[in-house]
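Heads up, the thing below is written out as structure tokens.
Numbering (this note's numbering), first residue to last: 33 to 134.
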């Protein structure tokens with residue numbers, strides 16, 4: 033009998049306060065943006081950080097959020113050890129809840 037191994041669950045979704053703390057800790061180096069294969073148009077880390085938690089979501093950030101497939105390429109290059117993938121998941125949830133259109 034062949035036994036299937038269950039993969040360990042990975043929790044990417046963080047609470048709003050946790051995402052806020054990660055955004056506050058961001059030093060704005062853009063390394064996550066530079067490593068991301070989903071970036072198709074110019075965006076800045078400042079735009080991304082600002083729009084992740086509150087306010088309106090601009091069309092470029094909305095397109096970027098939709099293109100992000102949570103590959104994790106943004107995590108390793110972060111010199112502060114932040115999890116942009118978890119922040120992106122929060123942004124995706126916000127985008128869906130707002131019903132934002134391009």
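Backbone N, C-alpha and C fix where the C-beta goes; we use that ideal spot for every residue, glycine too.
Every value quoted in this text rests on a predicted model; they were computed, and no experiment measured them.
Neighbourhood of residue i by C-beta, 7 Å cutoff - its chain only, sequence neighbours within 5 removed
i, result
"residue 50", "none"
"residue 117", "44, 102, 104, 106, 107"
"residue 93", "75, 79, 80, 83"
Assigned secondary structure, residue i (DSSP; H/G/I helix, E/B strand, else coil)
i, result
"residue 92", "helix"
"residue 59", "coil"
"residue 99", "helix"
The alpha helix (DSSP H) enclosing residue i, as first and last residue numbers
i, result
"residue 81", "77-85"
"residue 118", "116-130"
Residue from the options with nearest C-alpha to residue i
i, options, result
"residue 64", "110, 92, 89", "110"
Residues of its chain near residue i, where Cβ-Cβ distance is below 6 Å and the 5 sequence neighbours each way are ignored
i, result
"residue 46", "118"
Own chain partners of residue i with C-beta closer than 8 Å, once the 5 adjacent residues on each side are dropped
i, result
"residue 115", "44, 46, 54, 107"
Validate contact between the region 92-100 and the region 120-127 using beta carbons, cut 8 Å, 3 pairs: yes
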